[in-house]
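Numbering (the UniProt record's numbering), first residue to last: 1 to 456.
Read the structure below first, then the notes.
The structure is reproduced here in C-alpha cells:
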C-alpha cells in the first residue's frame, strides 16, 4: 500500500517535475538577450539621429562659404561678421546639445544596465526556486540521475547568471564613477558660454583689426601717391641736371674754341686787334644803350614820384576842401533854417499889419469926413507909426529875399564844389590804384584842379 502510494506519489510528482522542467526550459528559452538587442537597436537608432551626427552635418557647413569676393570695405566686414556670428551660434548650440546628449546617453546606459541586472536577478531567483523544487523532488523521485543532471544544469546556469550579475554591477559602478568624474551639464554650459564670449570678443577684435587694416591700406595708397609724385620730381630734377651738364659741356666747348681762337690770334696779331676793336665797340654800344635805358628809367621814376607827390597833395587838399565844404554846408543849412523861421515870423507880422491897415483904411473911406473931424493927434501918430513899420517890414522882406537868393546861390555853388571834389577824389583813387599796380599813367588822365581860391 505504501509502495502503491509511493508510486502514485511518484507518478503524481512526475508531471509536476515535468512541469517544473518545462517552465525552466521556457525560462531558459526566453533569455534577456532579445531585450538587450532591442534596446541596443533602439540605442543605435538614437545614435544614428544623435546630435553628434547633426553636429557633423552642421559643421560641414563652413563659415567661409559666405564668399565676399565681390564685396569691399564695410560690406565684406559685415558679411564676415554675420558668418562668424552664425558659426559661433552653431558651435555653441552643438556643444550644448552634445554635452546634454553625452550626459543623457550615460544615464540611459546605466538605466539599461540596471534593467538587465533586475532581469538577471529575477532569472536567478527563478532558477533558485526551480533548483529548490528539484531538490525537494529528488527525495521523492526514483529518477535521481536525471534530476541530478537537471540540478547541475540549473546550478551552472545560476552561477553564470551570478557572474553576469557581478559583471553588470561592476559595469554599473564604472559607469556611475565615469558619470561622477565627467563635468556636469551646467559646468559644460558655463564653459561653452565662456568660450562663446571669448570667440565673440575675438571676432570684435578681428573686425577692429580689419578696420585698422583698411585704414593702413588707405595710408599706404596715399604714401604710394606721394612716392609717385616724388619720383616725378626726381625725374624732373634729373632732366634739369642733364640740361645743366649739357650746358656745362657746351660752355667748356665754347671755352676751348675761345682758347683755340686766342692761339690763332696770337699767331695773327692783326686779326687780334680787329677782333678786340670790334668787341670793344660792341661792348661800348651795349653800355651806351644800357645807360640810356637807365636814364629813361630814372627819369620815369622821378616823374612818377613827382606825380605821386602831386596826387598826394591834391588828395590832402581835396580832403580839406571836402571837410570845409561839409562844415560850410552845415553852417549854411543852420542859417537857412534860421532865415526860414525869421521869414515865417516876418510874414505873420506883415499879414497882421496888412489886415490892420485894411481895416483902418475901410474906416477912413466910410467915415472920411467924420474921421477927419474927429482925428486927434494921438491917432495920427499911430497911423504914422504903423505906416513906418509897414515900410520897414517891406524893406526887411526885400533884404530877406535878397539874402535868401544869395544863400541859395552859395548852396548851389557848394553843391557844385562838392560834386567836383567827389569826382576828383574818385579820379585820385583810380590813379592811386594804377600806381599800386605799376601801370604807366598818362598826363591826360590827371584832371586839372577846380578853379577856386584855396584860401577860401
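Each residue gets a CB set at the ideal place from its N, CA and C atoms; glycine is no exception.
Please read these numbers as outputs of a predicted model, since none were measured by experiment.
Handout entry: Span separating the alpha-carbon of residue 398 from that of residue 326
Key = Cα to Cα, the separation comes out at about 29 Å.
Handout entry: Cα-Cα separation, residue 174 to residue 166
Key = Straight across, the Cα-Cα distance linking residue 174 with residue 166 is about 12 Å.
Exercise for the section: Take the Cβ of residue 227 as the centre, count every other Cβ of all protein chains shown within 10 Å, and call the residue buried at 16 or more, exposed below. Expected result: Classification for residue 227: exposed.
Practice task
Just mark residue 123 as buried or exposed, buried being the case when its beta carbon has 16 or more other beta carbons within 10 Å.
Solution key: By the neighbour-count rule (16 or more Cβ atoms within 10 Å), residue 123 is buried.
Exercise for the section: Measure the Cβ-Cβ separation of residue 324 and residue 425 and say whether it is below 9 Å. Expected result: In this structure, residue 425 does not lie closer than 9 Å to residue 324 by Cβ.
Handout entry: Proximal residues to residue 45 (C-beta, below 8 Å), its chain only, five neighbours per side dropped
Key = Confidence is the limiting factor: at residue 45 the pLDDT is only 42, short of 50, which leaves the residue's position unreliable, though a coordinate-based value still follows. Counting only Cβ-Cβ distances below 8 Å, and skipping sequence neighbours, we find nothing.
Problem - Residue closest to residue 127, alpha-carbon to alpha-carbon, out of 150, 348, 414 - result: With respect to the C-alpha of residue 127, the residue from 150, 348, 414 having the closest C-alpha is 150.
Exercise for the section: Determine, using beta carbons only, whether residue 400 and residue 332 come nearer to each other than 9 Å. Expected result: Against a cut-off of 9 Å, the Cβ pair of residue 332 and residue 400 comes out as no contact.
Exercise for the section: Please check the pair residue 137 and residue 130, which I expect to be a contact at CB under 8 Å, by giving their CB distance rounded to whole angstroms. Expected result: That pair is no contact at about 10 Å.
Practice task
For my contact list, residue 414 and residue 329 are in at a C-beta cut-off of 8 Å; report their separation, rounded to the angstrom.
Solution key: The distance from the Cβ of residue 414 to that of residue 329 is about 5 Å, consistent with a contact at the 8 Å cut-off.
Handout entry: Coil, strand or helix - residue 71 by DSSP
Key = Residue confidence for residue 71 is low, a pLDDT of 42 falling below 50, so the modelled location carries little weight; the figure read from the coordinates is stated next. Looking at residue 71 - three-state DSSP - the assignment turns out to be coil, as it is neither helix nor strand.
Practice task
Check each candidate in 313, 212, 299, 191 and name the one with the smallest Cα separation from residue 432.
Solution key: Of the listed residues, the one whose Cα sits closest to residue 432 is 313.
Problem - Beta-carbon contacts of residue 171 that lie in its chain and below 7 Å, excluding the five residues immediately before and after - result: Cβ neighbours of residue 171 beyond the five flanking positions: 113.
Exercise for the section: Using the Cα positions of residue 111 and residue 198, report the straight-line distance between them to the nearest angstrom. Expected result: Going by the C-alpha atoms only, they are around 37 Å apart.
Exercise for the section: Can you tell me which of 392, 163, 435, 230 puts its alpha carbon nearest to the alpha carbon of residue 306? Expected result: Considering only alpha carbons, the answer is 435.
Handout entry: Proximity of residue 311 and residue 428 at Cβ, strictly below 9 Å
Key = Yes, the Cβ-Cβ distance between residue 311 and residue 428 is below 9 Å.
Handout entry: Inter-residue CB distance, residue 116 and residue 189 (contact presumed, cutoff 8 Å)
Key = About 32 Å; that fails the 8 Å criterion.
Problem - Start-end ranges of the alpha helix (DSSP H) lying completely within the segment 130-198, minimum 4 residues - result: You should have 144-181.
Practice task
Kindly list the residues whose CB is nearer than 8 Å to the CB of residue 437, restricted to its own chain and excluding five residues on each side of it in sequence; keep chain order.
Solution key: Closer than 8 Å at the Cβ level, and outside the excluded window around residue 437, lies no residue.
Exercise for the section: Please check the pair residue 344 and residue 407, which I expect to be a contact at CB under 8 Å, by giving their CB distance rounded to whole angstroms. Expected result: Contact annotation, residue 344 with residue 407: C-beta distance approximately 16 Å; criterion of less than 8 Å not satisfied.
Problem - Alpha-carbon spacing of residue 293 relative to residue 233, whole angstroms - result: Roughly 40 Å between the two C-alpha positions.
Problem - Cut-off 8 Å between Cβ atoms - residues of its own chain near residue 178, not counting five sequence neighbours on either side - result: Excluding positions up to five away in sequence, the list reads 106.
Practice task
Give a yes or no on whether 9 Å exceeds the smallest Cβ distance from residue 171 to chain D.
Solution key: No chain D is present in this structure, which holds just one protein chain.
Exercise for the section: Give the single residue among 157, 284, 319, 231 whose Cα lies nearest to the Cα of residue 418. Expected result: For the residues 157, 284, 319, 231, the minimum Cα distance to residue 418 belongs to 319.
Exercise for the section: Under 7 Å Cβ to Cβ from residue 215, same chain only, skipping five residues before and after it: list those, please. Expected result: Taking residue 215 as the centre and dropping the five residues before and after it, the same chain places no C-beta closer than 7 Å to its C-beta.
Exercise for the section: Can you tell me which of 346, 287, 242 puts its alpha carbon nearest to the alpha carbon of residue 389? Expected result: Of 346, 287, 242, the residue nearest in Cα terms is 346.
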